[in-house]
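Here is the structure we will look at.
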DNA sequence: TCGTCTGTTGTGCCT
DNA sequence: AAGGCACAACAGACG
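Okay, here's the thing in structure tokens:
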């Protein structure tokens, strides 16, 4: 703790925005604006996040698809506008965030630095550099936890130093979250001298070197706190819907009016405070009386978010199979061809492909749609590593969130939390039960739009005359299925059963040395199974 | 929390 | 008035 002896140092404060791109319920901002003469609101544009990467599989940077970059820029534009209304503005700089912030701290003679605590490994490493620098120069640092309902450290502490691994145990530890701040600002302290640092205005996506992007379909969801609060009001208007919300009952094929709130991208960037959202929901529950409960209710969804944040924070290598103590070790297979077919929406299963196209175009898909394609890629059909799928989601989703995305891939692939590996989503009947006419498929896969509904989920079974009439020949205009679901899912179940029963599924190659003989044996079985599956697939293609 | 398939039972409506 | 029919809701097997 730095003593408040140096009034010159005290007078300059920096609020460093990363997530938490909002004014409302922003503890870091609130702490920053107190008792300072000059307030410097900073955001650092990271070239790795923004600049085009030609080697990536979709338009975007090394770290993000175009839709999420767009969402971030919109959020920054909105934040800047809000700050300007309060007599301030967003100071935008470009470069690697930590060194840039350190330079600014020094050049602007900052006495106090505030930023929202970030629990992700990337954020922790980034912030450590800045904290070390600050402590070296006697700069006070405040980093309140406000991205989640609870402080993951508190929950882990209450649980004896280990993160709770079930939702119910998490709930038992959590209690009620703290109330959001309700302070309304009319004016923030002014910005001081900024010297010769180049301050940018929020770039347009065209300014980032993406050339002609008019061909890319952009997400229908706009970023920013203003948009978030408007959407929240819209969602909460229908109190009966809010009170009766049950997550598993949503319709994944609804896209004109999605079955969930689609507030996740705003939570991801902190355009919407999760504590404020919680409070608003709680008020509705109180006024309505009868309402659904966790885990299925809307509040239950916020708690799921905190659950995954907590486990992710307390689990080393949470985003990997190897070295991850809570992750089953499963001999996933390598198959680039099948993986690329999945990623690019060319599996030949219209339900799967339509979802992957919506993901690419919108940057958002329904929760159960995520389940469908994740199951298909991993334990359901292709038996490909969940990390490969995780990477695709992480890039394309506008709401992609490190803890939640990894948590759900662990869940869906039966690698952690959930192990009912024989519960496999059918790539044919699951979608059909919600959307028998196939409107969702027709919309996202227009090549199939004239297929009769009898065949639209399994177009390869349509007689050639039907294919001709629909102007879409399977194998030419739309791919044949890459696997036979009956056979592939049976193989997967067999392999999952063996993998989960095997003691090696618990052995963690980085922690414990598996005996070399058992490893060899496992590898042998693995390649044998892949070979036999390939033969079967070839047979089915005919 | 969030599977699929099949078979049974119950319901509403028609003739 | 009883039988036929379609369909929803549910239960159990499967793995």
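Numbering (our numbering), first residue to last: 517 to 1058.
For glycine and all other residues, C-beta sits at the position ideal for the given N, C-alpha and C.
On a predicted model such as this, the values are computed, not experimentally measured, just so you know.
Give the DSSP-derived three-state secondary structure of residue i in the structure shown.
i: residue 630; result: strand
i: residue 530; result: strand
i: residue 989; result: coil
i: residue 656; result: strand
i: residue 587; result: helix
i: residue 678; result: coil
i: residue 792; result: helix
i: residue 830; result: helix
i: residue 551; result: coil
i: residue 868; result: helix
i: residue 882; result: coil
i: residue 615; result: helix
i: residue 722; result: helix
i: residue 732; result: coil
i: residue 959; result: helix
i: residue 916; result: coil
i: residue 930; result: coil
i: residue 1053; result: Only weak support is given to the placement of residue 1053: the predicted model assigns it a pLDDT of 35, under 50, and the question is left unresolved by the model.
i: residue 1000; result: coil
i: residue 799; result: helix
i: residue 805; result: coil
i: residue 1103; result: Here the chain comprises residues numbered 517 to 1058, so residue 1103 is not present and cannot be evaluated.
i: residue 823; result: helix
i: residue 635; result: coil
i: residue 1012; result: helix
i: residue 1022; result: coil
i: residue 952; result: coil
i: residue 694; result: coil
i: residue 666; result: coil
Can you pull the DSSP bridge partners for residue i?
i: residue 849; result: 900
i: residue 601; result: Per DSSP, none; premise fails for residue 601.
i: residue 557; result: 531
i: residue 766; result: Partner(s): none; residue 766 has no beta bridge.
i: residue 608; result: 559 and 716
i: residue 994; result: 990
i: residue 708; result: Answer is none; residue 708 lacks a bridge partner.
i: residue 581; result: 576
Taking all protein chains shown into account, do 16 or more other C-beta atoms lie within 10 angstroms of the C-beta of residue i, making it buried, or fewer, making it exposed?
i: residue 678; result: exposed
i: residue 1006; result: exposed
i: residue 700; result: exposed
i: residue 713; result: exposed
i: residue 938; result: exposed
i: residue 904; result: buried
i: residue 638; result: exposed
i: residue 804; result: exposed
i: residue 731; result: exposed
i: residue 989; result: exposed
i: residue 1061; result: Residue 1061 falls outside the range modelled here, since the chain spans only 517 to 1058, and no answer is possible.
i: residue 958; result: buried
i: residue 640; result: exposed
i: residue 1072; result: Here the chain comprises residues numbered 517 to 1058, so residue 1072 is not present and cannot be evaluated.
i: residue 756; result: exposed
i: residue 1039; result: Residue confidence is low: residue 1039 scores 36 on pLDDT, short of 50, so the model does not pin down where it sits. Its coordinate-derived value is still stated next. Flag for residue 1039 reads exposed.
i: residue 676; result: exposed
i: residue 863; result: buried
i: residue 945; result: exposed
i: residue 746; result: exposed
i: residue 634; result: buried
i: residue 831; result: buried
> For the 8 Å Cβ check, are there 3 or more pairs between the segment 923 to 939 and the segment 832 to 847?
Replying inline: Touching, yes.
>> Tell me whether the segment 809 to 817 and the segment 751 to 770 touch, counting them as touching only if at least three CB pairs, one residue from each stretch, are closer than 8 Å.
In response: Taking 8 Å as the limit for Cβ pairs, the verdict is that the segment 751 to 770 does touch the segment 809 to 817.
> Would the segment 551 to 570 and the segment 609 to 616 be scored as touching if the rule is three or more Cβ pairs under 8 Å?
Replying inline: Touching, yes, given that three or more Cβ pairs across the two stretches are closer than 8 Å.
>> Pairs of beta-carbons, one from the segment 539 to 550 and one from the segment 627 to 634, closer than 8 Å: are there three or more?
In response: Three or more beta-carbon pairs drawn from the segment 539 to 550 and the segment 627 to 634 are found closer than 8 Å, and the two stretches are therefore classed as touching.
>> Whether or not the segment 893 to 905 and the segment 854 to 863 are in contact is what I'm after, with contact meaning three or more pairs of Cβ atoms, one per stretch, closer than 8 Å; do they touch?
In response: Segment contact: the segment 854 to 863 against the segment 893 to 905, three or more CB-CB distances shorter than 8 Å; contact assigned.
> Are the segment 1011 to 1023 and the segment 909 to 920 in contact at 8 Å, needing three or more beta carbon pairs?
Replying inline: Touching, no, given that fewer than three Cβ pairs across the two stretches are closer than 8 Å.
>> With a threshold of 8 Å, are at least 3 pairs of Cβ atoms found where one atom belongs to the segment 945 to 954 and the other to the segment 962 to 972?
In response: A contact between stretches requires three or more CB pairs, one per stretch, nearer than 8 Å, and the segment 945 to 954 meets this requirement with the segment 962 to 972.
> Are at least three pairs of beta-carbons, each pair with one atom in the segment 688 to 696 and one in the segment 654 to 672, less than 8 Å apart?
Replying inline: Contact between the segment 688 to 696 and the segment 654 to 672 is present, because at least three Cβ pairs lie under 8 Å.
>> Contact between the segment 825 to 836 and the segment 884 to 894 is defined here as three or more beta-carbon pairs at a separation below 8 Å; is this criterion met?
In response: Touching, no, given that fewer than three Cβ pairs across the two stretches are closer than 8 Å.
> Just checking, does the segment 599 to 606 make contact with the segment 702 to 709 on the three C-beta pairs under 8 Å criterion?
Replying inline: Counting Cβ pairs under 8 Å, three or more are found: they touch.
>> Is it the case that the segment 648 to 665 contacts the segment 612 to 621, given that we only count it when at least three CB pairs across the two stretches are under 8 Å?
In response: Taking one beta carbon from each stretch, the segment 612 to 621 and the segment 648 to 665 have 3 or more pairs nearer than 8 Å; the two touch.
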